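Below is one structure, written out as structure tokens, with a few remarks after it.
4 protein chains.
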Amino acid sequence: MINGERTIARPLRWGMVGGGRTGQVGYKHRTGALRDGTYELVAGAFDLDAARGRDFGTMLGVNGDRCYATYEDLIAGETAREDGVEVVSVATPNFTHYEITKSLLEARIHVICEKPLFFTVDECDEIAALAENNGLIVGVTYGFTGHPLVQQMAAMVAKGMLGEVRIVDLQYTHGFNAGDDVDAPEAVKWRTNPKTAGATFVLGDIGTHLYYLSEVVLPHLKVEKLLCDRKAFIPSRAPLEDHATVLMHYDNGARGRLWVSSVNAGNMGSQRYRFVGSKASLEWSDSHPDQLLYDVQGEPNRILHHGMPYLEDESLACDRMGALHTEGLGDSWSNIYLWIAEAIDAKAQGDDTFLKTHHYPGIAAGTEGVRWLENCVRSADAGATWVDFQ
Amino acid sequence: MINGERTIARPLRWGMVGGGRTGQVGYKHRTGALRDGTYELVAGAFDLDAARGRDFGTMLGVNGDRCYATYEDLIAGETAREDGVEVVSVATPNFTHYEITKSLLEARIHVICEKPLFFTVDECDEIAALAENNGLIVGVTYGFTGHPLVQQMAAMVAKGMLGEVRIVDLQYTHGFNAGDDVDAPEAVKWRTNPKTAGATFVLGDIGTHLYYLSEVVLPHLKVEKLLCDRKAFIPSRAPLEDHATVLMHYDNGARGRLWVSSVNAGNMGSQRYRFVGSKASLEWSDSHPDQLLYDVQGEPNRILHHGMPYLEDESLACDRMGALHTEGLGDSWSNIYLWIAEAIDAKAQGDDTFLKTHHYPGIAAGTEGVRWLENCVRSADAGATWVDFQ
Amino acid sequence: MINGERTIARPLRWGMVGGGRTGQVGYKHRTGALRDGTYELVAGAFDLDAARGRDFGTMLGVNGDRCYATYEDLIAGETAREDGVEVVSVATPNFTHYEITKSLLEARIHVICEKPLFFTVDECDEIAALAENNGLIVGVTYGFTGHPLVQQMAAMVAKGMLGEVRIVDLQYTHGFNAGDDVDAPEAVKWRTNPKTAGATFVLGDIGTHLYYLSEVVLPHLKVEKLLCDRKAFIPSRAPLEDHATVLMHYDNGARGRLWVSSVNAGNMGSQRYRFVGSKASLEWSDSHPDQLLYDVQGEPNRILHHGMPYLEDESLACDRMGALHTEGLGDSWSNIYLWIAEAIDAKAQGDDTFLKTHHYPGIAAGTEGVRWLENCVRSADAGATWVDFQ
Amino acid sequence: MINGERTIARPLRWGMVGGGRTGQVGYKHRTGALRDGTYELVAGAFDLDAARGRDFGTMLGVNGDRCYATYEDLIAGETAREDGVEVVSVATPNFTHYEITKSLLEARIHVICEKPLFFTVDECDEIAALAENNGLIVGVTYGFTGHPLVQQMAAMVAKGMLGEVRIVDLQYTHGFNAGDDVDAPEAVKWRTNPKTAGATFVLGDIGTHLYYLSEVVLPHLKVEKLLCDRKAFIPSRAPLEDHATVLMHYDNGARGRLWVSSVNAGNMGSQRYRFVGSKASLEWSDSHPDQLLYDVQGEPNRILHHGMPYLEDESLACDRMGALHTEGLGDSWSNIYLWIAEAIDAKAQGDDTFLKTHHYPGIAAGTEGVRWLENCVRSADAGATWVDFQ
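Chains as they are written, first to last, in numbering that gives the first Met the number 0: chain G, 0 to 389; chain A, 0 to 389; chain D, 0 to 389; chain S, 0 to 389.
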């Protein structure tokens, strides 16, 4: 159980690119980073509007001198200091991830980047090589897998409690884009423009969360082929999609189905995961993250609660609030940020043994997400046909 | 609201083929038929074991002389009487539906038949013509659409409360066949054998319920093309399936996805329907049939309860228990049987005006179910490819 | 599992007093009685308006000659026939229960009466003696205890699966009387008038259901003392109550609390029962009667579903729909009516051995309900003070 | 919406007494304080074991010199520094609250103290006067009222959306003390000992949360009289209670009932609040804090979700994660800590205008909790009789 004791020697000097006053995601990064004494926010290029960014950064407690107009300025300014940032989070629109990450890594700064990571697997591979060469970590903020009961699912599957996995049912839908985009906020506009969002809208924006979480729970399964059927119910979003269904065949014979949509009018349930095995199933939703359904065929259904002694060690280890007390998304993000801090610390110390078994969403996970998107788009653009997973 | 007053002049003289002591479905037929004074059980060929069938029929209150060994005997015996049966329910394995129905219709007896109706659309068309020529009704026991809140959904969609329908999400899964069939009961064995079940297992057994209910709610939508991916996780069931996913494109541009499975280990939630429109969505499950979720984008989610004055007339008209008091599947079956009785009565009296607008699951609905199955199988057998709906 | 086979030799000739066209409860009686071939509706005094009652009875299939204007006429007419009614259900306002029941018993007709049974325990005792002397049964329609999972709770408590029972938490509330009674229907008016309703409104109308169900589950516990605090939020209902809280001390040291109200605005959840033991708890609601929560301290919470093989025999024996298929209140009423029919049949045959262990809500259960009401009123009228249970 | 921008000029220098490595509650304090840049943890007397406390504090990032053995040492050490702590949180057993708080206030340090605040109202009054005289704030960690939907309830009641409040139904139960205390951890032992816990166990430990939250939602209602029935199902806990029921009469005629227990075996639902008015009701549980049920009589039930634009400003103002993303108990604590920081800042600046309307749990709220406990004990000790609220 996490109680705030620092698991690394001292706080990492941390900066942000993006995540300014008007967005939602910046606060998730900060609340994720600042609770465990593992990060100290010392610099930032928070906003395209430099004055606003500086004002904002100051209100976050960052020295005005270290509130920069651009990420280039941030790199220049911080690399010039002895106490410059060691790690920077990138919370900007998708199309900027690659160049900012690359620049940071070249400046020998660790990176924590939003998903979807980059536009292509090629870019991912290039960045992975760069990070490796420079001895740096690239973390990816798949923010939902820090929930203790996600780790519980992974541990139960690993122990064979489900038997052979047969069916994977994944859903992440909401209805916030059910109307058109005429008066949409900036965050919607760039997400529906291929130039700024990449080749997908909801597949990348929310579908990659589903896919990564399924990888965490089912690390031994690989997709062999898939079929993606996507559509823009609001025509102006085409060729990007606001709705998609993906069917997947796994290498063990399992079948997967996945649904992402931002036009599921009125739906607040959001995410739903069901992993069906030959003996039992697990079902979890981020909307009630403290409960996990464990359904053994022929027995009463069971509801497992976070923080309870009957859970696996992997789940209890990352619990923060304790049984009866609700964990929220902020707690999950804190775990993700903590795990990445531990990776950065180990990398800095050359502790490869630790890194070999340490679980966190890194460049490999980010790359797999982009690979999955590439396969989805290839299938969809070929008329929603089956494609071999490449 | 239904209070037991007879809506037809006198009870129909009713018989059963199948539905004997050892099965579950027979009781559903009887509880459906016998509550409103619209049917009187007077004859039956309840069991392949004639003596057991006679004993069973007697315990149901049927005169021993009218407990027959076979359906042929029943037809012979009953047509010889002045007070012979007017309508017979067929609750036997799939492969017998066609021949029994045909024989009954030729003997000028109305038929109420289990789903899936027959093996082919050609058989359906032939039977439809025969029924029409002989002035008879063929009802089909799609037992879930008698729930008042299913009628509520249809009425709300008809009034345009959802806007344009965009997404249809259908699921009927359970886990009772998660294990193999070595010691399976007879009802499982004939359902997994193509000779007795037809070309499908779960698609026909439970998927047709999903498809019919969606037709009731969305009568204006037609499937243009579909893709069906099916699999037998228990290999002995092949070529039939214990799991299938179907994607559908509707003529208005809507997208559908459907999941049927009997290997969803531990799943007791069973059916889930979600109809997503441009303004709002409806979600209903047969496991809590008294509640209907009505999700208007941007407003609090609403839970509608059966029997409440704010519901549409179509829903209140078929309510039996009244608000606060739970309706069960038996109540839904009673509505189905009542509606079929009213159709038979109107047919007998030549009341075509009534029949034109009277809603009940008849031969057309049964035919559409078989047509959908044929399209699913065609797609699946072609490698889970898209096929035009024919 | 119930499949409609008659458990008694022939249908009982059955009549009704009350339960006419405009009420809700009459249909519950009929649907309860008419599914299993154990009752045949042959006579009735359905309505204070004789013509309407005759018309209604005819539409139920009763011969017009046996649709009577009054219960006195019914008794006179039916006792004059060789095939007169054997049992009559009384579904009239509370103040008439005693005199109608008495007259029926004196005419040697079994009675099935609505709750609360009579106004006083003295009346109950008198009727019990009369029934005993005349060899007749008095059944009471506590309609919720026929749910299979109520029987499951009783069986689990009996097996000691809860340990020592410590806490009993009972709730039956709704909001249908949140507004005043200016335009209230007749059924509300007589229920809020002491002359027609007796000394209580919601305590008798819905509270007796809670108390009886708790007796079924906890037959070994006796109330030693109680405190009742009641209030009429709509003043015109005083001295009767639309809200009451009852605290109870049981003879084993257990503590009970009970809440009844008809001004719980918007509450549709209705009934909630929780039985807490030293090892585990059970929780059930009539609004989702197919699920039972079984909470063992320190283990995952369990949800038991009706009809599943892991349930106790007592529960499976009265299941009608089978697992996955919802049971409703109509199914529970059918069980109650069936159990009373079996009691009447045994009584008629002098089978005292059967009656000794046969479970059904009879005169003793009805009497205990009235006794509980008397104690509640005594406490409330003394200023919500503790009274010894007498 | 909260995004981490500091609402006060600079972080408060903050210390802790108690909250060491082995407890759960310390982390809640830290996670509450450290996310918004309003507190900086600079000192502590974390543990009775001085060495362990120093080690622990160091791991939290506190300078070893400022990790003290006792609270007296902390006061001595910190008051000697120019940059000494400005505010200290007291997370120690109940019996120490009074003396530690008093000493801190005398040393002119603001205090944030655990509930139940002190043993008697007299102590509370004395401390209130001391704080007032010294210009200091005493905050109380009623940690659940920081949930945005609690503020939503208060705002809706204030706007009259419920009509006249009639019924208040409060429950906080769990089963973690269902067994005896033979091997219980220290935190249970001191809580069940009158010398260290005060005059109550569960009433003070969890009941005060219920009472305070109800005060936040219903500030205009006052308890006029109450009745408390309490019991120790585990006899060694007597005279303290592990189960209690409290009935309350409010000055507007409303009725309240409250249940606290730590022997509700297997119960994980924990808290339940229902506020019933003449027009509508609100229901909320901390176990799903992101949903609020809003039940208008005669309309579909509504589920409100945190972060949605249709909510009241008071709720949106303290939202942290935004719609669709779960808030947890940590977020609620952060709001409480933030509000207290703002009070301290205003007090330091003599901004009485701000303080007059600023909402936070302070000494008055703590006092009311102790007053309620005194009344409960007085009633219980008099044999669970009604007592006028004093």
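Built from N, CA and C at the ideal position, the CB exists for glycine as well.
These numbers come from a predicted model, not from an experiment.
What residues from chain A crowd round residue i, counting only those whose CB sits closer than 8 Å?
i: Tyr309 (chain S); result: Gly297, Glu298, Pro299
For the candidate residues the options, whose alpha-carbon lies nearest to that of residue i?
i: His304 (chain A); options: D:Asn266, D:Val164, D:Glu185; result: D:Asn266
i: Trp283 (chain A); options: A:Glu240, A:Gln170, A:Phe388; result: A:Gln170
i: Gly145 (chain S); options: S:Gly276, S:Asp54, S:Cys317; result: S:Cys317
i: Thr24 (chain S); options: G:Asn251, G:Glu163, G:His324; result: The sequence shown places Val at residue 24 (chain S), rather than the Thr named in the question. Here the closest residue by C-alpha is G:His324.
i: Glu313 (chain G); options: G:Ala106, G:Gln151, G:Tyr38; result: G:Gln151
i: Phe55 (chain S); options: S:Met15, S:Asn192, S:Lys230; result: S:Met15
i: His109 (chain D); options: D:Gly178, D:Phe118, D:Ile136; result: D:Ile136
i: Glu185 (chain D); options: D:Thr21, D:Gly382, D:Ser378, D:Phe232; result: D:Thr21
Of all the CB atoms in chain D, is at least one closer than 9 Å to the CB of residue i?
i: Ala379 (chain S); result: no
i: Phe175 (chain A); result: yes
Whose Cβ in chain S lies nearer than 8 Å to the Cβ of residue i?
i: Asp330 (chain G); result: Gly327, Gly329
i: Ile166 (chain D); result: His242, Ser260, Val262, Asn263
Chain A beta carbons: is any one of them nearer than 9 Å to that of residue i?
i: Leu161 (chain S); result: no
i: Gly60 (chain D); result: yes
i: Met267 (chain G); result: yes
i: Asn334 (chain D); result: no
i: Thr91 (chain D); result: no
Please check the pair residue i and residue j, which I expect to be a contact at CB under 8 Å, by giving their CB distance rounded to whole angstroms.
i: Ala243 (chain D); j: Val201 (chain D); result: 6 Å
i: Gly31 (chain S); j: Ala44 (chain S); result: That belief does not hold up - the Cβ atoms of Gly31 (chain S) and Ala44 (chain S) are roughly 19 Å apart, past 8 Å.
i: Asp289 (chain A); j: Ser261 (chain A); result: The Cβ separation is near 26 Å, so there is no contact.
i: Ala264 (chain A); j: Lys158 (chain G); result: Actually they are not in contact, since the Cβ atoms of Ala264 (chain A) and Lys158 (chain G) sit about 16 Å apart, beyond 8 Å.
i: Ile362 (chain S); j: Ile111 (chain S); result: No, Ile362 (chain S) and Ile111 (chain S) are not in contact; Cβ-Cβ is about 11 Å, not under 8 Å.
i: Val245 (chain D); j: Cys375 (chain D); result: 6 Å
i: Pro360 (chain A); j: Tyr141 (chain A); result: 4 Å
Whose Cβ in chain G lies nearer than 9 Å to the Cβ of residue i?
i: Leu303 (chain D); result: Pro299, Asn300
Chain D partners of residue i, CB-CB under 8 Å?
i: Gly276 (chain S); result: Ala264
Kindly list, in the order they appear in chain A, the residues whose Cβ is closer than 7 Å to that of residue i.
i: Tyr293 (chain S); result: Pro299
i: Leu246 (chain G); result: Asp228, Thr244
With 9 Å set as the bound, which would you pick, yes or no: does the beta-carbon of residue i sit closer than that to a beta-carbon of chain S?
i: Ile343 (chain G); result: no
i: Pro10 (chain G); result: yes
i: Glu113 (chain G); result: no
i: Gly52 (chain G); result: no
Let me see if you follow: with CB-CB separation under 9 Å, is residue i close to chain G or not?
i: Ala383 (chain A); result: yes
i: Arg273 (chain A); result: yes
Can you pull the chain D neighbours of residue i, defined as C-beta to C-beta under 7 Å?
i: Phe232 (chain S); result: Arg165
Show which residues of chain G have a CB atom less than 8 Å away from the CB atom of residue i.
i: Arg254 (chain A); result: Asp228, Lys230, His242, Thr244
Please compile the residues from chain D whose C-beta is within a distance smaller than 9 Å of the C-beta of residue i.
i: Thr144 (chain A); result: Correct list: empty, because the minimum Cβ distance to chain D is about 14 Å.
Item to check | Residues from the stretch 67-87 of chain A in contact with chain D, defined by Cβ distance under 9 Å | outcome: none
Item to check | Within 9 Å of chain S by C-beta, residues of the stretch 204-223 of chain G in sequence order | outcome: Taking 9 Å as the upper bound on Cβ-Cβ separation, chain S lies near no residue of the stretch 204-223 of chain G.
Item to check | Within 9 Å of chain A by C-beta, residues of the stretch 115-132 of chain D in sequence order | outcome: none
Item to check | Within 7 Å of chain G by C-beta, residues of the stretch 358-372 of chain A in sequence order | outcome: For chain G, none of the residues of the stretch 358-372 of chain A brings a beta carbon within less than 7 Å of one of its beta carbons.
Next on the checklist: Along the stretch 277-291 of chain D, where does the CB come closer than 7 Å to a CB of chain S? Name the residues.
Outcome noted: Ser277, Lys278, Ala279, Ser280
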